[in-house]
Amino acid sequence: MSKPQQVRPTKAYDLKAFTILLVEDYEFMQHLITGMLRAFGVGNIIVCESGSEARGLLSVMAAAKTADMKMADIVLTDWMMPEGDGESLLNWIRNHKEDKIRFMPVTMVSAFTSEDVVKMARDFGANEALVKPVSGEKLAQRILSVIDHPRPFIKAPHFFGPDRRRKELTWKKEERRKTQAEEIKVHNEQI
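Position 119 of the sequence shown, counted from 1, bears residue number 119 in my numbering, the numbering being contiguous throughout.
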């Protein structure tokens, strides 16, 4: 019987300059996820225990004018927490006046495995969703997806966030757009 082949990334990633903000109220999960992030080589991991604590920290980061305080590159947030949950944090991020906060990649982490929670996270503007228990492989996939495949942000009457579509489908009916696709400003940052 042959051994299963290990899947290895095709390119090396240097995450030493990365800052990841982990928003998680459960101490065991904090240790588990920070351990994985350290193993991936993430240089700076900041842990907040609630969405309200994360909002305060992100506001300070956005206002900082020195190199000592760097804005987080990615936010990993739990969905349900007692003081300021992930939903309210994500809503605050996507509606913030500062672009460096509004366009920040957010991965929603949840112990609730229903498809509804994943859809809700997507509809609130999360870049990625991750279901607990978290594996190193899945966490790495979500982080690399944000790095390698940043999605353009969409501003619609009732939504602001990364494009929720995952597939390119061909439109076979009459075009009804008021603004042509080429005229739409795309804000996409490579981190």
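Even glycine gets a Cβ: it sits at the ideal position worked out from N, Cα and C.
Quantities reported herein were computed from a predicted structural model and do not represent experimental measurements.
**Study point:** alpha helix (DSSP H) segment containing THR34, residue limits
**Key:** Here residue 34 corresponds to residue number 34 of the sequence shown, with the count starting at 1. Residues 27 to 40.
Exercise for review: Kindly indicate the opening and closing residues of the beta strand (DSSP E) around LEU21.
Suggested key: Here residue 21 refers to the residue found at position 21 when the sequence shown is read from its first residue. Note, LEU21: beta strand (DSSP E), 19 to 23.
Check your understanding: When you compare only the Cα positions, how much space is there between PHE159 and MET104?
Key -> Along the sequence shown, read from residue 1 onward, the residue named residue 159 stands at position 159. Along the sequence shown, read from residue 1 onward, the residue named residue 104 stands at position 104. Distance between the alpha carbons of PHE159 and MET104: 15 Å.
Point to revise | Close-in-space but distant-in-sequence residues of the same chain around LEU139 (CB under 6 Å, 5 per side omitted) | key: For the purposes of this step, residue 139 is taken as the residue at position 139 of the sequence shown. The residues are MET36.
Exercise for review: For the alpha helix (DSSP H) holding ASP116, just list the boundary residues, first then last.
Suggested key: Numbered from its first residue, the sequence shown carries residue 116 at position 116. ASP116 -> alpha helix (DSSP H) spans 115 to 124.
Practice item. Decide if MET69 is buried, meaning its Cβ has at least 16 other Cβ atoms within 10 Å, or exposed. Key: Numbered from 1 along the sequence shown, position 69 holds the residue referred to as residue 69. It counts as exposed.
Review point. How do the segment 47 to 54 and the segment 71 to 91 stand: do at least 3 beta-carbon pairs fall below 8 Å, yes or no?
Key: yes
Review point. Taking the C-alpha atoms as reference points, what is the distance between LEU58 and MET81?
Key: Along the sequence shown, one-based indexing puts residue 58 at 58. Along the sequence shown, one-based indexing puts residue 81 at 81. Whole-angstrom Cα-Cα distance: 18 Å.
Check your understanding: Nearest to PHE153 by CA position, among GLY125, THR66, MET71, is which residue?
Key -> The residue you call residue 153 lines up with position 153 of the sequence shown. That would be GLY125, whose Cα lies nearest to the Cα of PHE153.
Practice item. Would you kindly report the start and end of the unbroken alpha helix (DSSP H) that includes ALA54? Key: Against the sequence shown, residue 54 aligns to sequence position 54. Taken as a continuous stretch (DSSP letters only), the alpha helix (DSSP H) holding ALA54 covers 51 to 63.
Practice item. Can you grab the Cα-Cα spacing for the pair ALA111 / GLU174, in whole Å? Key: The count along the sequence shown starts at 1 and reaches residue 111 at position 111. The count along the sequence shown starts at 1 and reaches residue 174 at position 174. C-alpha separation (whole angstroms): 42 Å.
Review point. From ALA156 to PHE40, what distance separates their C-alpha atoms?
Key: Along the sequence shown, read from residue 1 onward, the residue named residue 156 stands at position 156. Along the sequence shown, read from residue 1 onward, the residue named residue 40 stands at position 40. C-alpha separation (whole angstroms): 36 Å.
Point to revise | Same chain only: Cβ atoms within 8 Å of LEU130, ignoring 5 sequence neighbours per side | key: Taking the first residue of the sequence shown as position 1, residue 130 is located at position 130. These residues qualify, in order along the chain: LEU76, THR107, MET108, VAL109, SER110, LYS138, LEU139, ARG142.
**Study point:** Close Cβ partners of GLY136 (< 6 Å) along its chain, the five nearest in sequence each way excluded
**Key:** The count along the sequence shown starts at 1 and reaches residue 136 at position 136. If we look at GLY136 and ignore the five residues flanking it on each side, its Cβ neighbours are MET36.
Exercise for review: Quick one: grab the DSSP three-state call for SER145.
Suggested key: Stepping through the sequence shown from its first residue, residue 145 is reached at position 145. Looking at SER145 - three-state DSSP - the assignment turns out to be helix.
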